[in-house]
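Using mature numbering (1 follows the signal peptide of the UniProt record, and there is no 0), the letters of the sequence shown correspond one by one to residues -18 to -1, 1 to 211.
All C-beta atoms in this analysis are idealised placements derived from N, C-alpha and C, irrespective of residue type, glycine included.
Treat the numbers as computed from the prediction; the structure is a model and nothing was measured.
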Amino acid sequence: MILAFEILLVCGATIVIADSSVSVTLNDIKEMNVHCDYLDNCEQRFGGGDDLSSYTCDCHSICIEYNTCCIDSEYRNATRIPTPRTDDECLRVYGRTDLSVYMIDKCKNRDIPSEPLCESSAEESNDPFLMIPVTSSVTSKNYKNYFCALCNENINEDQIVFWNLRLTGKTQRVQDSTMPNMLYNTTLKSWVVLEGDGSSTAISVKIEPVSVPEIRRCKPINTACAKEW
């Protein structure tokens, strides 16, 4: 027997509905005392925004693609749990605890050869290029890095928009070069810039999205237990 579950995120609480045929309404959520005005419904939302870093669900038609419809959204089918129509996942931007967006971090197009650098770790590979997300100007999809874009879309380099990488540290090299010679120091747990005399200087890395409306923010949820649990 196959069981279908629907997960609703409301007011910081996770509600799991085991029977997909059960119709749950906004009034039901209010009676359970897990309702948050403005955050988890379309009833009192203004301005048309659907940024999931501010709300817990979507009201507009895009919710069908991501399976993020608010319980009172006109696009939510209460009798059938939709299958998300996108390969995007809610992922944290490298080095950011305050920013998560929908992006793709795997090679999923079987018609395009797999690119191992797509899923490689920037830290383990000592390659800062791997931690810079990109956005496709063709599909508006966001990717973990340049190589993930290549193995998911047959696009040209001029159709890929790199996100902004900001480096700060007590070294002139971050001012003199947009991408100085960098390594990841496992002892310091920090990226370092290699100096001309062979020494290294720890730096801070911050990645910021490009100023395009396609950057879809979100809030990740934990779906697995901790390794030590």
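Considering only their Cβ atoms, is the gap separating C133 from P95 smaller than 8 angstroms? As a first step, residue 95 must be located in the sequence shown, where it is residue number 113. As a first step, residue 133 must be located in the sequence shown, where it is residue number 151. Taking 8 angstroms as the cut-off, the Cβ atoms of P95 and C133 count as close.
If contact is defined by three or more beta carbon pairs under 8 angstroms, each pair taking one atom from either stretch, is the segment 102 to 118 in contact with the segment 153 to 166? With a cut-off of 8 angstroms, the segment 102 to 118 and the segment 153 to 166 count as touching, because enough Cβ pairs lie within range.
Per DSSP, what kind of secondary structure is V192 in: helix, strand or coil? Sequence index remark: in the sequence shown, residue 192 carries index 210 (1-based). Coil at V192, not helix or strand.
Since L149 and V156 should fall inside the 8 angstroms C-beta cutoff, what is the C-beta to C-beta distance between them, to a whole number of angstroms? On the sequence shown, residue 149 is found 167 positions in, with the first residue counted as 1. On the sequence shown, residue 156 is found 174 positions in, with the first residue counted as 1. Right, the Cβ-Cβ distance comes to about 4 angstroms (below 8 angstroms), so this counts as a contact.
Look up M164 in the DSSP assignment and say whether it is helix, strand or coil. Numbered from 1 along the sequence shown, position 182 holds the residue referred to as residue 164. In the structure shown, M164 sits in a strand (DSSP, three-state: E or B).
Buried/exposed call for I114, threshold 16 Cβ in 10 Å: In the sequence shown, residue 114 corresponds to position 132, counting from 1. It is buried - the Cβ of I114 has at least 16 other Cβ atoms within 10 Å.
Quick check on this structure: which residue in R74, L21, G180 has the alpha carbon closest to the alpha carbon of S55? As a working note, residue 55 is residue 73 in the sequence shown. S55 has its Cα closest to that of L21, out of R74, L21, G180.
Would you kindly work out how many angstroms separate the C-alpha atoms of C39 and R92, rounded to a whole number? Locating residue 39 in the sequence shown gives position 57, where the first residue counts as 1. Locating residue 92 in the sequence shown gives position 110, where the first residue counts as 1. The straight-line gap from Cα to Cα measures roughly 31 angstroms.
Please report the straight-line C-alpha distance between L99 and D87, rounded to a whole angstrom. Your numbering for residue 99 matches position 117 in the sequence shown. Your numbering for residue 87 matches position 105 in the sequence shown. Cα to Cα, L99 sits roughly 10 angstroms from D87.
Any idea what DSSP makes of L170, helix, strand or coil? Your numbering for residue 170 matches position 188 in the sequence shown. Under the three-state reduction of DSSP, L170 is assigned to coil, being neither helix nor strand.
First and last residue of the beta strand (DSSP E) that includes V83? Within the sequence shown, numbered from 1, the residue matching residue 83 stands at position 101. In this chain, the beta strand (DSSP E) harbouring V83 covers 82 to 85.
Per-residue burial, C207 [other beta carbons within 10 Å of its own, 16 or more giving buried]: Along the sequence shown, read from residue 1 onward, the residue named residue 207 stands at position 225. When all chains shown are included, C207 counts as exposed.
Is the beta carbon of G77 closer than 8 angstroms to that of I189? One-based indexing of the sequence shown puts residue 189 at position 207. One-based indexing of the sequence shown puts residue 77 at position 95. Going by C-beta atoms, I189 is nearer than 8 angstroms to G77.
Residue span of the beta strand (DSSP E) that contains residue 232, given as start and end: No information on residue 232 is available, as it lies outside the stretch -18 to 211 that the chain covers here.
First through last residue of the beta strand (DSSP E) which encompasses L99: Within the sequence shown, the letter at position 117 stands for residue 99. Segment 98 to 101 is the alpha helix (DSSP H) holding L99; no beta strand (DSSP E) there.
Would you kindly report the start and end of the unbroken alpha helix (DSSP H) that includes R74? To locate residue 74, count along the sequence shown from 1; it is residue 92. Segment 71 to 74 is the beta strand (DSSP E) holding R74; no alpha helix (DSSP H) there.
Verify whether the separation of the beta carbon atoms of G151 and T117 is less than 8 angstroms. As a first step, residue 151 must be located in the sequence shown, where it is residue number 169. As a first step, residue 117 must be located in the sequence shown, where it is residue number 135. The answer is no: Cβ separation not under 8 angstroms.
Buried or exposed: which applies to residue 215, given that a residue is buried once 16 or more other Cβ atoms fall within 10 Å of its Cβ? No statement about residue 215 is possible, as the shown extent of the chain runs from -18 to 211 and does not include it.
Can you tell me which residues form a DSSP beta bridge with L176? Position 194 of the sequence shown, counted from the start, is the residue given in the question as residue 176. The partner list for L176 (beta bridge, DSSP) reads S182.
DSSP beta-bridge partners of C51: As a first step, residue 51 is located in the sequence shown; it is residue number 69 there, counting from the start. DSSP lists D40 as partners of C51.
Is V156 helix, strand or coil when you go by DSSP? Here residue 156 corresponds to residue number 174 of the sequence shown, with the count starting at 1. If DSSP states are grouped into helix, strand and coil, V156 belongs with the helices.
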